[in-house]
Structure formats: structure tokens, C-alpha cells
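Quick note on numbering: the numbering used here labels position 61 of the sequence shown as 336, and the sequence is numbered without any gaps. Glycine included, every Cβ here is placed at the ideal spot set by N, Cα and C. Below: one structure, written as C-alpha cells.
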Amino acid sequence: MPEASPTCSTQVADQTWWATVLLKHYGIQASLTPLDGEYDLNFAVHQDGGRTHVLKVMRPGCETSLIEVQCQALDHIAQHGPEVVVPRVVKAHDGSRFVSAADRDGEERLVWLITNLPGRVYAQTSPQTHSLLREIGATLAMMDRALEGFAHPALGRDIKWDLRRSGWIRDATGLIDGAGRREIVERIVAAFDDDLLGRLNALPTTAIHNDINDYNILVDASTGEPRLSGIIDFGDMIDAPAVAELAIAGAYAVLGQERPVAALAALVAGYNGVRPLSDEELALIYPLVLTRLAVSVTNSAIVKREKPDDPYVTISEQPAWAFLETNSSLAPDWVLSCLRGACGRAGHPRSDAVMGWIASHRGRFAPMFGRSLHGIPVIDLSVAGPASPRNPFDLDPDDLDDAVAEAMGGADIALGRYGEPRLIYTGPEFRRAPYAGSHRRTVHIAVDVFIDAGTEVRAPLDGIVHAVELRTSPLDYGGVAVLEHTTPDGDRFYTLYGHLAADVITRLAPGQAVVAGEVIALIGDRAENGGWTPHVHFQLGLTTLGRGADWPGVADPDEAAGWMALYPNGAALLNLADEETAAVTVATDAVLPQRRKRFAQNLKLSYRRPITLLRGYKQFLFDQDGRTYLDGYNNVPHVGHCHPRIVAAAERQNRLLNTNTRYLHPAQVDYAEALTSRLPDELSVCFFVNSGSEANELALRLARAHTGAVDTIVMDAGYHGNTNTAIDISPYKFNGPGGRGAPDWVDVVPVADPYRGPYKGTDPEAGRKYADHVRAAIERVQARGRRVAAFICEIFPSVGGQIIPPPDYYRHAYSAVRSVGGVCIADEVQTGLGRIGTHQWGFETQGVVPDIVVLGKPMGNGHPIGAVVTTPAIAASFANGMEFFSTFGGSTLACVIGREVLRVVDEEALQARALDVGTFMLDGLRGLQNEHAVIGDVRGSGLFIGVELIEDPDTLEPAQRQASYIVNRLREHRILIGTDGPHDNVLKIRPPLCFTREDASHLLDRLAAILREEPCRV
């Protein structure tokens, strides 16, 4: 029970008064603080600094039976269900469960004492996980089971919260503001009157809590994972059907949930696992959830008129309305399918009978096209299939035609699979939310037969026309017909035929009988079938959802199980085996053990729940089921995953030639010219290699050849690659797990970190002071009798925590290194080519020019390429007679791809976009920093961004646990970022440069919600 609002003098007097009563009757000396309550006084009892009990003071005139029933019920649960966490009744000195005591005005009140339970109310708990809901469901079932046999006269009282009495709201709907809202409640109460009440009254009754709302469930999240810690407030107990208990809890479980049906299914599954539900109880749950919410909002409308300033009675109104306005029209059959599936039952009650009859007649149905479909080609339209669209956000019908034709290989007919996740459903009607990366429907729940437009379509069995329509919206069904069929046992099912010619609406009429083999329609062309390659979408259904021909032909992968239970594979009606039409998707649980078997254990996977990714497009990635992930992490696809221009350039060159630099080719020179034109004039000689690791190793060779020295200065926490030499200059590796420390030729200087380092960003001399550590390292080298070959570092340390060094750091550091003949190497793998927005290169922000610049795979958008660009003098020193050759470094293909990347950066203005979107995101992140103490620092430039999380603003104790939690929670929301920094407490955001403001808003919205969750609090 939440604490009440701040106390006033009257409340303080009350607390003192009732503390005296507590001492007199219970012998407990304690301080009291008020708790919220609708009618009665409730006080938290504090002893020795801790909350130990709750003192309940009933309103004057409260009936004794109301307290008796609660006390006896709690004692009954303690005896018959001790595992159920509910308060225990504390008896007074005289052994009674409650006492009578006068208040300050002399009125007698009933007083009783219960033990305190830890935790906060469910309504204030975040996240409200499905595992928590399953636990709540299981606990309710244990409580209901413990209450079986409990009886008390007060359980028979008539209260407005008895679901069987919900009809009272019928006469109060006029008090609800807004015609739309009134219509929702009127529709719900009409269904209650017409159907629910009689079915509910037919069920047996038992003692139930009757008010499992989100303020009567306590949750403890102190250990990280939220767990149920108690059920409180038994003041509305009645004798009623047990399903009412679950429905009431469900009404509050769905509030605020992005996927309310999945949340309800988790609650129901937990309950059913302890106290199995009948089919009738399962069928009543969702309608009763709506009924309870309708009662709640109607009651709020009444009380708002009576007590417009009373927040307690309207506390759940807005979430309830948000649910009702969004979800009250959900298809009840689908919701029931999800609930039945969660309980391990067939999704539809008639499923086994219908599918059994159809299977028994497999091979005897009339052929839909007058021919057998066995052995015809199957078109792979799956996420990674050859017919998948080039742009998964904008289907090009011509591309689909070409892909289908190629897959058919000259055949005149082909199949499309049932249950296949596809990316061809690109219209806004397939998306659930406003962002491009939002959930979308991808799983095809029908069988396709691709065949020429104008081909006759025949009914596979006798039926009656249920519906026929012409649906003309793009990517809709076009001409569509639904037939109704009945088995000999009287079980109904339906078949839908979509993408038909428009004249189907004149061929067929509702109620018309058709016989097996009768022509019912023609295949439509693109102009009349919704814009699709000619085919029939053939779907078997156990229900029409009451929508005529408006069936969902594609399902969200997270909801597909429920839909596929209602719309199973119709292969048998085509005289095919199910496996001939069923899609087989990659299963992460199958790939993971194979990966572990064939790869070393130190090849890590991202996230606690690994992702299987099969497709990418610009800033988006797609898993095997077509789920869309927004990529805010991977900088290597610099201009975007599978950017169409990069793909086209690679395809063109792969058809022509891919060879090495021992042969002349204009692409190599063209690329070198384009790359060096972006750099200072001094940096004019290129070496092309295959990776950043190889490039850094080569840079060291150049520095050593030019200086004749070996010793190298590196920045702490730096990372330069995975070759032996690259690891030798990477403190992140050699000082990390499994590392052997720095070699004797490497000196480490501190990260120039203006937030966590010894010199803060507020110090105007911070850059010089950090550079003094470089001077000290030079002195150490000289003290060993040796010379400095190079100073190498990531210009903006990424692994070090997305650091932006203080101004003038490199000016001072480079000056010191060059004063002793050393070479300055800028590792621009993470920051180059416009990522930082303000400049093309990180070193430009500090007004310096390095002697060597190192680039890696972002320059090839992920294609294996790296580069070292240096001065003519250093290149001449390296040309000492030993040939330099990297077999496929600077290959023809690599140079063509690299050149196209530069064109895309320029022609799509991606540096300017990085600055615009990065600034927008940094502003949003700093806004979140003002709201959440866990964010210690927000830093970055362009789309190179770090958010450092801390436990304490004074000590800067790293909040590694919270960083890991946020990254994994964002992954659950299908947004990918990472963590970095020496303490792994910095959120790393480095998306492809095609990232948009919409994408940034999507990330910020989700991050804001996660930061409000319990595990992020400090």
C-alpha cells in the first residue's frame, strides 16, 4: 500500500492518537505514517527504523462482519496455503483479531493489525515482466485453492464490484464523457447482458479476493528480477466463480502493456498451471476483463462528479481507457486462441475435429486448378530467400515479378509457403507503430499458388459463399471470396481465396451454394488483385472473426502462434502433405549449440538472448522471423547495411574482375585519389590492406622504418586490432582478461578523459596536462637508452568509453613526440569519413595533422578493406628494398566498393546528417540526464556518442549493472546498442550514418521508458 500524501497537522495528531491505541491494545510502541485508502485509515507501523506492521482503522459504523471475514480468510489461507504470501493477522492482548477504540472525536472504530509485507505496489513496478505475471497467476491459483471450503455470511453481500452485478453500469453510461467512450462501454455491457451473465451464473462459486488490482499486489525488485512479495486488501471478498478472480487480475495486468494479450496469457498460464481452467472458464476470461474495466471507468465517471478532486477513485482510469480505446475491438477468437495456447491446448475448440476430418480426406479434394500440385516449384520468399525484396520497406512490384519468374524457372505454376516470414509486406497497414523500425506483420498464414492471371480457380469441396468483396487498397486482397464448409459432424470451417479477378463479385453472392470442382473465380492481375504478382492466397480458417472477408493473412511473428492456431496450414485441401507447403525457419536454439561446438568459447555473442540475423538494410536488421531491429551500434556498415548502391557496385565488379595490386586498374588509382583528396596535402601516399588490424600493424612498420626506433606510446584502454602486434599496442587487450601486460617497448599514458580522468573538462589546461603524460612516457623511453618510434591512439577513444579528448591535447602531445623524432599515428577506424559530423576526420577537431592515418572496414561498408595513408617521406623510408604486398589489400573489388562508399557519403550528405541527427540525439540524451541520476555524462560528436552511467555522482562509481540491463532491455525492444569503457558502463551509440531523426526518437523513447524501470534506479 503506497504512502499517503505529506502529512498535515490533523494527520500528525491522528498518528499520535492511534499510536497510543496501538500501544494500549497490542503492546507495540512505534511511530505511524499514513497510507492511502479509499474509505478507511491505514497506518504504516515503524519500529527501530523499519516498517513492521500495518494498523487498519475502519470508518465509523463499519460492520463487524466485514472485518471478521477478512481476518478469518487470512487465517484460513495461513493454515491451508502457507506458501501464499498474504499479511498475517496479529491478535490483540485479549486474543481478539480486532478491537474497538474511540477516535479523537469520540466515535468508536474497529481497529486491527496485520504484518507488513515488503515491496512496492504493482502499479508502480517497472518492468512488469511476463515471468512476474506468471508468478502472480500461480499465486492467485494457490490462494483460490486455499480458500476452497472457506465460508462466511459476509461473502454473500451485494457489492458493485461483483462481476455478476456488472449490469448496473447500463444506466450510468450517460455520465461518461465522449460519445466514443460511451459506445465502447455500451457495447461491453450489451455483451454482458446478452451472453456473459448467464454463462457466469452457470459456474460454481467459491470464496475469492475479488479485487486483485494493481494496487493490491506487492512486488519486490530489490534483487533485480521483480518477484511477487504479497497480496493485500481483502475488503471486497465475495463468493463468486473463481474465473472472476483471474479476470479481475487480468484487467489490471493488461494496463500499460505494449502486448496486453501476451501479458494476459502469461497470467493465465501461471494460474492454469496450478489450478487447471475449464474450456468455458478460458472462454470467459477476456470478455470479463473488458467487463471489469468497463465497470471501473464507469465508476470513475460517477465519482468524478461527486468528488472531482479525489485521486484515489480515478487512479486507474487513464490506463483503463487507454486499453479500452485501443484493444476493446480485438478479435475475441484470437485472444482465446492465445490463452488456450498458453495453457497448452489447441487454439480453437473445434481444431482437432476439423483438422482430423480434413486430413482424413487428403487426396480426395477437387484440384483447385484441375491438376496435381505435387512436385511443382516452391518459391522462397523468406527473409533471406532469393525472392526477398531489395528494399524491405518499399516493395517494388516489378522486382517481385522478376524474382518470382526467376524462381519458377520457366514453370507455369509454383507454391508459396505457409508460415513463411516475409519482408514483402511493406505497407503501413502491416506496421503496428509509427516508427519504421516498429513491429510489423511478416508471417504468411496461407498457402500461395502462383499461376497466370485469368486462370480458373475451382472450389476444392462443397460449400456456401460466406463473403465476397473487392478490396482495392494497395497490397490488399483485391478480389476475395470466403466459402463456409461443414463436416458431417456439424463442425464449421472456412476457406478464403484472395487476389482474384474483380469479377468475382458478380460470379458469387453470399449464401450461394458451390460444389467441389466448380469454377468460383479467376486469378487477378496486378491491376485488380492488390498489386501482387498473380497468384491465389489460399487460407484455411476455423473462424471468420466476424469480419466477412477481412481476414488477417499475415501475422506479427510474436503473435503468429495464436493466429496460426485459428488459420492452420491448408495443404490437405490442396491434396498436399503439410511439409510440402510448410516453411522451415532457422531456430536460434538450434544454431546456438552448433556455434558453441564449432567455435572457440572466447568468440562472444552480443546480448543475454542472442539474436539470429539474416538480413540487413541500411540502419535496420532482420531476424529469421522478419522482426525488425534498429541498429544503433554497428559502425562498420558506414553508409548502411546492404546499401543498394554498394550492393550494385559489388555485383557489377564481381561480374568483371577481382584481382590484386600487381596489375594496373583505374579503380585503384581512382580510389586513392578520392581518399587522399579528403585528407591534408601532406598525407598523399596510400597502402591498401584488408582490415584495421592489418593497417595498424603496417603503420607501426612504417614508423619503425622511418625512425629506426621501436618503442611506442599508446593510450590506456585503446584497441587497435587482433594481430599479435596490434594486441601488443592495445591496453584493452593486454591489460584485460588473458592479457600478459605491456611489452617492454610499449609505454601507456592515461586516457584523455575529461569526465572520469584526473583533469576535468572544466580545466582549460586539461589538454596540456594530459599531454604531459606523453612527455613523461618519452622521458621513460629515453631513460632506457632508447628512442620513440611512434605515438598511436584512437583519435576519439571508442573502447575507452566514447571519449572526446580536451582541446589542444593532440597539439601538445604531437609536438612532444615530434620533438624527439617520433611519428604520430591517428587511428581513425571508428571516427573517420564524416562520422563525427563537424569534420571529416577526428584529428581535424584538434587542429593537427598526423604523420600516418589508419582506416578500417567502415571505408568499405564492411567489405574487407583497410588503409594506411602517410607522407611521401615516410613512404620512402619504408621502400627499403623489401616488397610490400597484401594479396587482396586494395583488390579491384575493394577499391570499387570503397570508392562507392565515398560517393554515397557525399551524395547523400551523410556527414551533415550525422551532425544533425547526432546533435538531436545528444540533446535528447542530455534531457534524460537531467531526469535520471544514473546518467553521469553524455558526450560525443555526430553519430559517435557515449552515455556514461554511474552509481554515485561524487565517487563516479561505475553503474555496470545498469548499463548491461539497459542494453539488454533495448534489445528486447529491438534496438541495438552496446557498452564500452574500462568499466563497461558506457552506452555506446554508433549507428550507420543513414540513421534518421525518427530513428533517434525511437531510441530515445525506448531508453526513456527503460530508465524509469526499477533496475535503473540508483
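Residue i in three-state terms, based on DSSP
i	result
K435	coil
I523	helix
A830	strand
W596	helix
P562	helix
R902	coil
T282	Residue placement at T282 is poorly supported in this model, since its pLDDT is 42, which falls under 50; the coordinates are not used for a value here.
S1216	strand
A367	coil
F1009	helix
V1104	coil
P1233	strand
W1116	coil
L1130	strand
L954	coil
V794	strand
G996	coil
R395	strand
E744	strand
F1159	coil
E803	coil
M276	Its pLDDT being 49, under 50, M276 is placed unreliably in this model, and the coordinates cannot settle the point.
E1289	helix
H1300	Residue coverage of the chain in this structure runs from 276 to 1293, which leaves residue 1300 outside it and unanswerable.
Y892	strand
G712	coil
Where residue i falls, given that 16 or more other Cβ within 10 Å makes a residue buried
i	result
P785	exposed
P1072	buried
E1288	buried
S635	exposed
N929	exposed
Q1237	buried
M1297	Within the shown structure, residues of the chain are numbered from 276 to 1293, placing residue 1297 beyond reach of any answer.
A788	exposed
Q403	buried
L867	exposed
Endpoints, alpha helix (DSSP H) assigned at residue i
i	result
N877	N877 -> no alpha helix (DSSP H), and no H or E assigned at all.
Y842	Note, Y842: premise wrong, no alpha helix (DSSP H); not H, not E.
E1273	1272 to 1286
T1167	1167 to 1182
A1051	1041 to 1058
L415	405 to 422
A1187	1185 to 1206
L539	535 to 549
Bounding residues of the beta strand (DSSP E) (the contiguous stretch that carries residue i)
i	result
F373	F373 -> no beta strand (DSSP E), and no H or E assigned at all.
F725	722 to 726
E731	731 to 733
E759	753 to 761
E969	No beta strand (DSSP E) holds E969; the alpha helix (DSSP H) holding it covers 967 to 982.
C961	960 to 964
M512	Where M512 is concerned, there is no enclosing beta strand (DSSP E), given that its DSSP letter is neither H nor E.
I1264	1261 to 1264
Residues bridged to residue i [DSSP beta-bridge criterion]
i	result
L815	T770
C1068	A1101
W387	K331
H1294	This structure gives no information on residue 1294, because the portion of the chain shown stretches from 276 to 1293.
A857	Y693
S657	R697
Where are the alpha helix (DSSP H) runs, 4 residues long or more, that stay fully inside the segment 333 to 363, in chain order?
Complete alpha helix (DSSP H) runs here, min 4: 339 to 355.
Sequence ranges, beta strand (DSSP E) only - wholly within the segment 676 to 706, length at least 3
Unbroken beta strand (DSSP E) stretches of 3 residues or longer found wholly inside the segment 676 to 706: 688 to 691, given in chain order.
Quick check on the DSSP output: what are the complete alpha helix (DSSP H) runs of length 4 or more inside the segment 425 to 506, in order along the chain? As far as the segment 425 to 506 is concerned, its whole alpha helix (DSSP H) runs of at least 4 residues are 454 to 466, 472 to 476.
Segments assigned beta strand (DSSP E), at least 3 residues, entirely inside the segment 301 to 337: Entirely contained in the segment 301 to 337, the beta strand (DSSP E) runs reaching 3 residues are, in chain order, 306 to 310, 316 to 322, 325 to 332.
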